[in-house]
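Structure first, then comments.
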Amino acid sequence: MSLLKVCSRAYDSSGAAGGVLVNIASVAGLIAVDQRFPYGASKGAVISMTRSIAIDFVKQGIRANAICPGTVHTPFVEGYLERNFPQNKDEVRQQLHARQPIGRMGRPDEIAHAALYLASNEAAFVTGSALVIDGGWTAR
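Heads up: the sequence shown begins at 62 in our numbering, then just goes up one per residue.
Here you go:
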């Protein structure tokens, strides 16, 4: 619900001047991931909302896109491993790396570069898209 509020405020403050929204979804919003149905459903909703915003506000010059990362190696992932797999976190970390065909988790800077692109004028013709950055995970 807070993402909806943020997107609504962005529109309210932008007026007719246009703008760009870049939402973070997940590949879990596009494909089923074991034991993650609430997360997948919420990320699917982010993608749908982003596409609706793109269509509803295109005439006001607002573009909206979503980034759908695969597993990204962040402090959150390390905390998750520590809390849930303290005895075998190295093994589970390797499984997280291996589920992307490229053989590793993504890096935060890779996602940030995609967000910068989507927010830039170079992406002026990109709206309503779900940009997948997942090391080939969804290509299987």
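In this text, a Cβ means the ideal position worked out from N, Cα and C, and glycines have one as well.
- Contact check for Leu179 and Val83: beta-carbon distance about 5 Å, within the 8 Å limit, so the pair qualifies.
- Cβ contact annotation for Pro169 (same chain, cutoff 7 Å, sequence separation greater than five): Val133 and Thr135, in chain order.
- Residue environment for Asn145: exposed (fewer than 16 other C-beta atoms within 10 angstroms of its C-beta).
- The DSSP assignment places complete beta strand (DSSP E) segments of no fewer than 3 residues inside the region 143-199 at 191-194, in order along the chain.
- Around Ala106, the same chain offers Gly90 as residues with beta carbons nearer than 8 Å, after the five sequence neighbours per side are excluded.
- Here Asp195 is buried, its C-beta having at least 16 other C-beta atoms within 10 Å.
- Shown here, Val81 sits in a strand according to DSSP, grouped into three states.
- Below 8 Å, enough C-beta pairs join the region 185-193 and the region 108-118 to call them touching: three or more.
- If you draw a straight line from the Cα of Ile85 to the Cα of Gln148, it comes to about 31 Å.
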